[in-house]
Amino acid sequence: MAVVELLLPSSPEHVRTARLVVVAAARRAGLGDATVDELRLAVGEACARAVGLHRAHAPEQRVAITVTDDPTGLAVAVTDAGPPAGPAVDDVAGGFVDDSGDGGDGAGDEVAPDLSLALLAGLVDDVEVGSADQGTGTTVTLRWPLPPRVPGGPPSTAAAPQ
Amino acid sequence: MAVVELLLPSSPEHVRTARLVVVAAARRAGLGDATVDELRLAVGEACARAVGLHRAHAPEQRVAITVTDDPTGLAVAVTDAGPPAGPAVDDVAGGFVDDSGDGGDGAGDEVAPDLSLALLAGLVDDVEVGSADQGTGTTVTLRWPLPPRVPGGPPSTAAAPQ
Amino acid sequence: MDLSLSTRSESSPAGDRTVVVVGGEIDVYTAPKLREQLIDLVSSGQYHLVVDMEGVEFLDSTGLGVLVGGLKRVRAHEGSLRLVCTQERILKIFRITGLTKVFPIHSSVDEAVAATD
Amino acid sequence: MDLSLSTRSESSPAGDRTVVVVGGEIDVYTAPKLREQLIDLVSSGQYHLVVDMEGVEFLDSTGLGVLVGGLKRVRAHEGSLRLVCTQERILKIFRITGLTKVFPIHSSVDEAVAATD
Ligand SMILES: Nc1ncnc2c1ncn2[C@@H]1O[C@H](COP(=O)(O)OP(=O)(O)O)[C@@H](O)[C@H]1O
Ligand SMILES: Nc1ncnc2c1ncn2[C@@H]1O[C@H](COP(=O)(O)OP(=O)(O)O)[C@@H](O)[C@H]1O
Numbered sequence: 001m002a003v004v005e006l007l008l009p010s011s012p013e014h015v016r017t018a019r020l021v022v023v024a025a026a027r028r029a030g031l032g033d034a035t036v037d038e039l040r041l042a043v044g045e046a047c048a049r050a051v052g053l054h055r056a057h058a059p060e061q062r063v064a065i066t067v068t069d070d071p072t073g074l075a076v077a078v079t080d081a082g083p084p085a086g087p088a089v090d091d092v093a094g095g096f097v098d099d100s101g102d103g104g105d106g107a108g109d110e111v112a113p114d115l116s117l118a119l120l121a122g123l124v125d126d127v128e129v130g131s132a133d134q135g136t137g138t139t140v141t142l143r144w145p146l147p148p149r150v151p152g153g154p155p156s157t158a159a160a161p162q
Numbered sequence: 001m002a003v004v005e006l007l008l009p010s011s012p013e014h015v016r017t018a019r020l021v022v023v024a025a026a027r028r029a030g031l032g033d034a035t036v037d038e039l040r041l042a043v044g045e046a047c048a049r050a051v052g053l054h055r056a057h058a059p060e061q062r063v064a065i066t067v068t069d070d071p072t073g074l075a076v077a078v079t080d081a082g083p084p085a086g087p088a089v090d091d092v093a094g095g096f097v098d099d100s101g102d103g104g105d106g107a108g109d110e111v112a113p114d115l116s117l118a119l120l121a122g123l124v125d126d127v128e129v130g131s132a133d134q135g136t137g138t139t140v141t142l143r144w145p146l147p148p149r150v151p152g153g154p155p156s157t158a159a160a161p162q
Numbered sequence: 001m002d003l004s005l006s007t008r009s010e011s012s013p014a015g016d017r018t019v020v021v022v023g024g025e026i027d028v029y030t031a032p033k034l035r036e037q038l039i040d041l042v043s044s045g046q047y048h049l050v051v052d053m054e055g056v057e058f059l060d061s062t063g064l065g066v067l068v069g070g071l072k073r074v075r076a077h078e079g080s081l082r083l084v085c086t087q088e089r090i091l092k093i094f095r096i097t098g099l100t101k102v103f104p105i106h107s108s109v110d111e112a113v114a115a116t117d
Numbered sequence: 001m002d003l004s005l006s007t008r009s010e011s012s013p014a015g016d017r018t019v020v021v022v023g024g025e026i027d028v029y030t031a032p033k034l035r036e037q038l039i040d041l042v043s044s045g046q047y048h049l050v051v052d053m054e055g056v057e058f059l060d061s062t063g064l065g066v067l068v069g070g071l072k073r074v075r076a077h078e079g080s081l082r083l084v085c086t087q088e089r090i091l092k093i094f095r096i097t098g099l100t101k102v103f104p105i106h107s108s109v110d111e112a113v114a115a116t117d
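So the protein sequences, as listed, match chains E, G, D and P. Following the working numbering, the numbering of the first sequence begins with 1 at its first residue and continues without gaps. Following the working numbering, the numbering of the second sequence begins with 1 at its first residue and continues without gaps. Following the working numbering, the numbering of the third sequence begins with 1 at its first residue and continues without gaps. Following the working numbering, the numbering of the fourth sequence begins with 1 at its first residue and continues without gaps.
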């Protein structure tokens, strides 16, 4: 079980880095191209949500991304430092609330909570939302199963090549 | 000042992820293509060194990569959990010692401490080697200066686009 | 930095159209640039837009939101916003979000420029 | 997974040569595969190798070490290992490490296959 951890400043420019890291882990874990595409998008949505929350509630704090892979699958956890969320998946929407404060002149139209939720729901079968360990903030965990390894196929990522 | 932190399992397959993250940060910080190429290679060398040390001394521990960028430049610190090093740059070589334990049958020839040092020295003007905070392990810090920003040029990476 | 934008005018029997060619990644970081571009066009009186997405490598919900915002703006002036996209991975994103029902999606710029329905 | 390898035989007045075409990234993770390939070739009696590096996107010291190891192996059998490389960013890596003095570096496979010096 390999665990990659990433702490990123909460600004939109860093969301791309999160996508890069998770995609690298997913490829290594053996996920197929189509799944990797979905995962890239879903992780981007989860991170954009966290960045949006931080901008409103905790601009100095960083967003934490943890990628865990084992032979059964890949799990990506995105933890924000926003207000604590309940266990309902609907609370994920909290991060998408228009925080531009422009009072509906239309300039905030790039923040589309329903679009982001629609994407997450459409892309990932296994989404879990819970309070982060520290009691504040929320962890959104996305999971993708891995096909069972074919004997003689690519080596487990746990073993270093030699 | 944006600080990106990355914790990676100490196996060779993860060195590529470190390169990806640092290159993304360097591009954002405004380093030119040629410098980014050098940085990709230098960071890869520093991480490969740390991974080599961990395989010998601390296989379960992760390698820490910290990227700090401010208007003056970009600093990349790679911290291993190997035996403590002295302050001399020469000690960097510690990580490159052939740890394959194959007793000179030639199978270990891919570990080339002098080649790696030659690359680091040739690529990076500012290399600092020090004991890691915890008293064990070594931090190799690589620094690249940034050209002064042109007024009216690309916005500072500290400011979120709006 | 990973978003490229360029615009040009095209004419057809249907009238003048402004083609916006978008390349690279449209995400939470770069989407504001696309939004600005669309706002600028509408502000300068260009209400019939064709957004060529064939060079788009990545599109997230922020990018979708900017396109929806652009559509609202041109519609406020009886205009149109048509997309050109044949990439399956991008089309899928429009389908998942139900936006294939909101945007006319064409398979070539010529087709989009000539469209009137 | 990001390293590609293929081999083929070529003949010239100088004799038979084995061309190893390398693509992608040769780094601490992938270099062992290249090492295996070179060892296999030498084990099967192929002592005159041309390594085509034109498709290499990244090369680190581990990769350099594998090439040096290959050179040692073929030389133990009076063989040769020639590189084909015109990419400035890769050539620079050989220069920084002084290995331009160790490897014959050619600008085409044909030139490398025909070389005898
Ligand atoms: N799946 C969806 N998620 C979010 N917004 C959607 C979705 N489908 C359609 N829309 C909406 O598309 C609308 C733009 O098209 P339209 O229905 O013509 O808007 P309006 O009636 O406000 O002009 C936006 O208001 C946007 O919220
Ligand atoms: N800058 C360098 N860094 C490390 N090794 C180098 C460098 N330059 C040359 N070499 C050496 O190249 C040698 C291979 O070429 P050669 O001198 O012919 O070796 P040998 O005499 O052992 O056959 C290796 O032993 C390798 O260590």
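We put the beta carbon where it would ideally sit given N, CA and C, even for glycine.
Open item on the list: Between the alpha carbons of P/V21 and D/D27, how many angstroms are there, rounded?
Closed with: 37 Å
TODO: Give the DSSP bridge partners of P/E25, in chain order.
DONE: P/F58
Open item on the list: Please state the DSSP three-state secondary structure of D/T86.
Closed with: If DSSP states are grouped into helix, strand and coil, D/T86 belongs with coil.
Task: Proximal residues, the segment 56-69 of chain D versus chain E, C-beta separation under 9 Å - done: F58, L59, D60, S61, T62, G63, L64, G65, V66, V68 and G69
Task: As assigned by DSSP and simplified to three states, the class of E/A48 - done: helix
Open item on the list: I'd like the list of long-range same chain contacts for P/A114, defined as Cβ closer than 8 Å, with 5 residues on each side in sequence excluded.
Closed with: S12, P13 and A14
Open item on the list: Using CA atoms only, rank isn't needed, just tell me which of G/V22, G/A64 and G/P59 is closest to G/T139.
Closed with: Per the Cα distances, G/A64.
Open item on the list: If the cut-off is 9 Å on Cβ atoms, which residues from the segment 16-28 of chain E count as contacting chain D, listed in chain order?
Closed with: R16 and R19
Task: Three-state secondary structure assigned by DSSP to G/P9 - done: strand
Open item on the list: Determine whether the beta carbon atoms of G/H14 and E/V4 lie at a separation below 9 Å.
Closed with: yes
Task: Per DSSP, the bridge partner or partners of D/H106 - done: D/V84
Task: Of the residues E/L41, E/T66, E/P145 and E/R62, the one placed nearest G/M1, counting alpha carbons only - done: E/R62
- [ ] Please check if any C-beta of chain D sits within less than 9 Å of the C-beta of E/V97.
- [x] Below a pLDDT of 50, predicted positions are generally treated as unreliable, and E/V97, at 36, falls in that range; no measurement from the model is reported.
Task: DSSP-derived helix/strand/coil call for G/D114 - done: Under the three-state reduction of DSSP, G/D114 is assigned to helix.
Open item on the list: Contact criterion: CB-CB distance below 9 Å. Does G/S131 meet it with respect to chain B?
Closed with: Of the protein chains in this structure, namely E, G, D and P, none is chain B.
- [ ] Closer than 6 Å by C-beta to D/S43: which residues in its own chain qualify, once you throw out the five before and the five after it? Chain order, please.
- [x] Cβ neighbours of D/S43 beyond the five flanking positions: none.
- [ ] Please report how far the alpha carbon of D/I105 lies from the alpha carbon of D/R82, in whole angstroms.
- [x] 6 Å
- [ ] Apply the 10 Å Cβ neighbour rule to D/S9 and answer buried if 16 or more other Cβ atoms are within range, or exposed otherwise.
- [x] exposed
Open item on the list: Assuming contact is defined by CB atoms lying nearer than 9 Å, are P/L38 and P/R73 in contact in what I supplied?
Closed with: yes
Task: Close-in-space but distant-in-sequence residues of the same chain around G/A48 (CB under 6 Å, 5 per side omitted) - done: V15
Open item on the list: In the DSSP assignment, the beta strand (DSSP E) including D/E204 goes from what residue to what residue?
Closed with: Nothing can be reported for residue 204 of chain D: it is not among the residues displayed for chain D, which extend from 1 to 117.
Task: Length of the line joining the Cα atoms of D/Y47 and D/R75 - done: Using only the alpha carbons, I get a separation of about 8 Å.
Task: C-alpha gap between D/T116 and D/L64, whole angstroms - done: 23 Å
Open item on the list: Just to check my reading of the structure: G/W250 and G/L74 have Cβ atoms closer than 8 Å, yes? What is that Cβ distance to the nearest angstrom?
Closed with: Past the boundaries of the shown model lies residue 250 of chain G; chain G is included only from 1 to 162, so the question cannot be answered.
- [ ] Identify the contact partners of G/L39 in chain E, using a Cβ-Cβ distance below 8 Å as the criterion.
- [x] Chain E residues near G/L39: none, gap ~15 Å exceeds 8 Å.
Open item on the list: Going by DSSP, what residue range makes up the alpha helix (DSSP H) through D/P32?
Closed with: A31 to S43
Open item on the list: Is it buried or exposed, G/G104, if we count other Cβ atoms within 10 angstroms and call 16 or more buried?
Closed with: At G/G104 the pLDDT is 38, less than 50, meaning the model places this residue with poor confidence and gives no usable figure here.
Open item on the list: Using only the alpha-carbon positions, how far apart do G/A160 and D/G55 sit?
Closed with: Confidence in G/A160 is poor, its pLDDT being 42 and thus under 50, which makes the residue's placement unreliable; the coordinate value appears in the next sentence. Straight-line Cα distance between these residues: approximately 25 Å.
- [ ] Measure from the alpha carbon of P/S108 to the alpha carbon of each residue in P/D40, P/L59, P/V50 and P/L71, then state which is nearest.
- [x] P/S108 has its Cα closest to that of P/V50, out of P/D40, P/L59, P/V50 and P/L71.
- [ ] Find the residues of chain E that neighbour D/T97, judging by a C-beta separation of less than 7 Å, and give them in chain order.
- [x] L115, A118 and L119
- [ ] Could you name the residues of chain P that G/A48 contacts, counting a contact when the two beta carbons are closer than 8 Å?
- [x] Residues of chain P passing the Cβ test: D27, V28, D60, S61 and T62.
- [ ] Please report how far the alpha carbon of P/R17 lies from the alpha carbon of G/S116, in whole angstroms.
- [x] Each residue's alpha carbon lies about 30 Å from the other.
Task: Beta-bridge pairing of G/A2 - partner residues as DSSP gives them - done: G/D69
Open item on the list: Please state the DSSP three-state secondary structure of D/V20.
Closed with: strand
Open item on the list: What are the residues in the segment 78-107 of chain D lying within 9 Å of chain E by C-beta distance?
Closed with: Only R89, K92, I93, R95, I96, T97, G98 and L99 from the segment 78-107 of chain D bring a Cβ to less than 9 Å from some Cβ of chain E.
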